[in-house]
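Trainee:
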Amino acid sequence: MRYDVVTIFPEYLEPLKLSLLGKAREKGLVDLHLHDLREYTFDRHRTVDDTPYGGGAGMVMKAEPWGLALDEVLAASPLNAATEDSTEGAEPAADTRPLLIVPSPAGAVFDQAMAYELAEEKHIVFAPARYEGIDERVLDWAQESFRVMPVSLGDYVLYGGEVAVMAMIEAITRLIPGAMGNPASLEEESHTGGLLEYPVYTKPAVWRDREVPEVLLSGNHGAIARWRRDRQIERTLERRPDLLEAYPVEQWDKKDRRFLAERGVHFANPAKAAQKKAKKNPAPQADSAAQAAQPDTAQSNTVQPNTVQPNTVQTQPES
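Heads up: the sequence shown runs through residues 508 to 826, numbered per the numbering used here.
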């Protein structure tokens, strides 16, 4: 994976050379290149911004420094060789242009699923803006040579995009095979399986009168696994109920459903609901083959009493 970051504050990204990210670079898993946008200016003040056309507050980042910087980044892209090879033979199966990520509150929200997708890329270029943003013509022009992707960390605004770039690079890099010291760490963390991670504890067993849950000291691996699963569900329900709504309903087992029901959350079982409806309202024998082949959308959306539709969470207040 090659990362290129064009910024007016390259020193802001220096922490990316530390810790596991630094080790990933040493292993050759990632290649990080920082570019100072001011190096692509020609006036004595190294100006990268100007007033906006049409008036308004703030300044806008000028187009030409960005154009020159991205020209240089594109010329050094490792994907150039892949593009040349593809022109000699069959047409490429996928778009081989580098991915240009522009941190922006108006972009798609970055999440773990996106991080997994981006970890499959070969070359990602980041264009963190400052002030009121980059001249829109840069992004229009860049689409000729890059796959342009505005991305947001959430519904809030920062001074600039460098913090967002650091967060994304760290989230992406740790998913690259070999970048984690213990690959198993990826399997049980928050968001990987659609739920938040369970609480973790270490020695000593008692700290300031607070004890580690007894089940974790029992050595009973089945009981420990169940406890952790319950804590995942409980924590997700308390902190991110929206994740429960998106969780595949067919992945809840009987113990999961019982645990949720005890907390006032009920899910309709779509298979059982369909069977019950079919028994109650059998299809007429004279139906045509075409009608029989059509899916019965009413079955999959049937709601049982005190339940909610699949992928919808219903909570009931405790009495």
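Note that the Cβ used here is the ideal one computed from N, Cα and C, for glycine as well.
Keep in mind that this is a model prediction, so the values were computed, not measured.
Excluding five sequence neighbours on each side, which residues of the same chain lie with their C-beta closer than 7 Å to the C-beta of residue 676?
Mentor: Indexing the sequence shown from 1 puts residue 676 at position 169. Around residue 676: 510, 523.
Trainee: Please tell me whether residue 605 and residue 671 are closer than 8 Å, where the distance is taken between their beta carbons.
Mentor: Within the sequence shown, numbered from 1, the residue matching residue 605 stands at position 98. Within the sequence shown, numbered from 1, the residue matching residue 671 stands at position 164. For residue 605 and residue 671, no; Cβs fall outside 8 Å.
Trainee: Buried or exposed, going by whether 16 or more other CB atoms sit within 10 Å of the CB of residue 650?
Mentor: Here residue 650 refers to the residue found at position 143 when the sequence shown is read from its first residue. Residue 650 is exposed by the Cβ-count criterion.
Trainee: Name the DSSP bridge partner or partners of residue 509?
Mentor: Taking the sequence shown and counting its residues from 1, the one referred to as residue 509 is at position 2. In the DSSP output, where bridge partners are listed per residue, residue 509 has 538, 630.
Trainee: Is residue 752 close to chain D, meaning its C-beta is less than 8 Å from at least one C-beta of that chain?
Mentor: Of the protein chains in this structure there is only one, and it is not chain D.
Trainee: Can you grab the Cα-Cα spacing for the pair residue 807 / residue 560, in whole Å?
Mentor: Mapped onto the sequence shown, residue 807 falls at position 300. Mapped onto the sequence shown, residue 560 falls at position 53. Because the pLDDT at residue 807 is just 40, under 50, the model does not fix this residue reliably, and the value given afterwards should be weighed accordingly. Whole-angstrom Cα-Cα distance: 54 Å.
Trainee: Tell me whether residue 581 is buried or exposed, calling it buried when 16 or more other Cβ atoms sit within 10 Å of its Cβ.
Mentor: What you label residue 581 is simply residue 74 of the sequence shown in a count that begins at 1. Buried is the call here.
Trainee: Pick helix, strand or coil for residue 545, following the three-state DSSP scheme.
Mentor: As a working note, residue 545 is residue 38 in the sequence shown. Of the three classes helix, strand and coil, the one that applies to residue 545 here is helix, per DSSP.
Trainee: Taking the C-alpha atoms as reference points, what is the distance between residue 517 and residue 748?
Mentor: Taking the sequence shown and counting its residues from 1, one reaches residue 517 at position 10. Taking the sequence shown and counting its residues from 1, one reaches residue 748 at position 241. The alpha-carbon of residue 517 is positioned some 39 Å away from that of residue 748.
Trainee: For my contact list, residue 583 and residue 547 are in at a C-beta cut-off of 8 Å; report their separation, rounded to the angstrom.
Mentor: Working through the sequence shown from its first residue, we reach residue 583 at position 76. Working through the sequence shown from its first residue, we reach residue 547 at position 40. Not quite, the Cβ-Cβ distance comes to about 14 Å (not below 8 Å), so this is no contact.
Trainee: What is the rounded straight-line gap between the Cα of residue 772 and the Cα of residue 721?
Mentor: Mapped onto the sequence shown, residue 772 falls at position 265. Mapped onto the sequence shown, residue 721 falls at position 214. When rounded, the distance between both Cα atoms is 27 Å.
Trainee: Evaluate residue 769 with the Cβ neighbour count: other Cβ atoms within 10 Å of its Cβ, from every protein chain shown; 16 or more gives buried, anything less gives exposed.
Mentor: Start at 1 with the first residue of the sequence shown, and residue 769 comes out as number 262. With fewer than 16 other Cβ atoms within 10 Å, it is exposed.
Trainee: By the 10 Å Cβ neighbour count, where 16 or more other Cβ atoms means buried, how is residue 663 classified, buried or exposed?
Mentor: Reading the sequence shown from its first residue, position 156 is the one you call residue 663. Counting every other CB atom within 10 Å of its CB across the protein chains shown gives residue 663 a total below 16, marking it as exposed.
Trainee: Which two residues bound the contiguous alpha helix (DSSP H) that contains residue 738?
Mentor: One-based indexing of the sequence shown puts residue 738 at position 231. Here the alpha helix (DSSP H) through residue 738 covers 728-746.
Trainee: Would you say residue 568 and residue 636 are within 8 Å of each other, going by their C-beta atoms?
Mentor: Counting from 1 along the sequence shown, the entry for residue 568 is found at position 61. Counting from 1 along the sequence shown, the entry for residue 636 is found at position 129. The answer is yes: Cβ separation under 8 Å.
Trainee: Mind checking whether residue 565 and residue 638 have CB atoms under 8 Å apart?
Mentor: Against the sequence shown, residue 565 aligns to sequence position 58. Against the sequence shown, residue 638 aligns to sequence position 131. Yes; because the gap between Cβ atoms is below 8 Å, this pair is in contact.
Trainee: Within 10 angstroms of the Cβ of residue 572, are there 16 or more other Cβ atoms? Answer buried if so, exposed if not.
Mentor: One-based indexing of the sequence shown puts residue 572 at position 65. By the 10 Å Cβ count, residue 572 comes out buried.
Trainee: If the criterion is Cβ atoms closer than 8 Å, does the pair residue 586 and residue 656 meet it?
Mentor: Here residue 586 refers to the residue found at position 79 when the sequence shown is read from its first residue. Here residue 656 refers to the residue found at position 149 when the sequence shown is read from its first residue. Against a cut-off of 8 Å, the Cβ pair of residue 656 and residue 586 comes out as no contact.
Trainee: Let me check one thing: in DSSP terms, what residues is residue 578 bridge-paired to?
Mentor: Counting from one through the sequence shown, the residue named residue 578 turns up at place 71. None; residue 578 has no bridge partner.
Trainee: Of the residues 520, 618, 742, 601, which one's Cα is nearest the Cα of residue 766?
Mentor: Numbered from 1 along the sequence shown, position 259 holds the residue referred to as residue 766. Comparing Cα positions, the closest option is 742.
Trainee: For the alpha helix (DSSP H) that contains residue 764, what are its first and last residues?
Mentor: Position 257 of the sequence shown, counted from the first residue, corresponds to residue 764. Counting along the chain, the alpha helix (DSSP H) containing residue 764 begins and ends at 761-768.
Trainee: Starting from residue 676, trace the alpha helix (DSSP H) in both directions and tell me its first and last residue.
Mentor: In the sequence shown, the residue the question calls residue 676 occupies position 169. Looking at the DSSP string, the run of the alpha helix (DSSP H) that includes residue 676 is 669-680.
Trainee: Per DSSP, which residues does residue 556 bridge with? Please list them.
Mentor: Translated into the one-based positions of the sequence shown, residue 556 becomes position 49. Beta-bridge pairing links residue 556 to 568.
Trainee: Would you list the residues sitting across from residue 714 in a DSSP beta bridge?
Mentor: Walking along the sequence shown from the start, residue 714 turns up at place 207. 717, per the DSSP bridge assignment.
Trainee: From residue 682 to residue 737, what distance separates their C-alpha atoms?
Mentor: What you label residue 682 is simply residue 175 of the sequence shown in a count that begins at 1. What you label residue 737 is simply residue 230 of the sequence shown in a count that begins at 1. Distance between the alpha carbons of residue 682 and residue 737: 26 Å.
Trainee: How is residue 621 classed by DSSP in three states: helix, strand or coil?
Mentor: One-based indexing of the sequence shown puts residue 621 at position 114. Residue state, collapsed to three classes: helix.
Trainee: Could you tell me if residue 632 is buried or exposed, where buried requires 16 or more neighbouring beta carbons within 10 angstroms of its beta carbon?
Mentor: By 1-based counting over the sequence shown, the position of residue 632 is 125. Burial call: buried.
Trainee: Assign residue 805 to buried or exposed, taking buried as 16 or more other Cβ atoms, counted over all protein chains shown, within 10 Å of its Cβ.
Mentor: Position 298 of the sequence shown, counted from the first residue, corresponds to residue 805. Residue placement at residue 805 cannot be trusted, given a pLDDT of 41 that sits under 50; what the coordinates show is reported in the next sentence. It is exposed - the Cβ of residue 805 has fewer than 16 other Cβ atoms within 10 Å.
Trainee: Could you tell me the distance, in whole angstroms, from the CA atom of residue 732 to the CA atom of residue 725?
Mentor: In the sequence shown, residue 732 corresponds to position 225, counting from 1. In the sequence shown, residue 725 corresponds to position 218, counting from 1. Distance between the alpha carbons of residue 732 and residue 725 is about 12 Å.
Trainee: Specify the secondary structure class of residue 725 as computed by DSSP and reduced to three states.
Mentor: Position 218 of the sequence shown, counting from 1, holds the residue named residue 725. Of the three classes helix, strand and coil, the one that applies to residue 725 here is coil, per DSSP.
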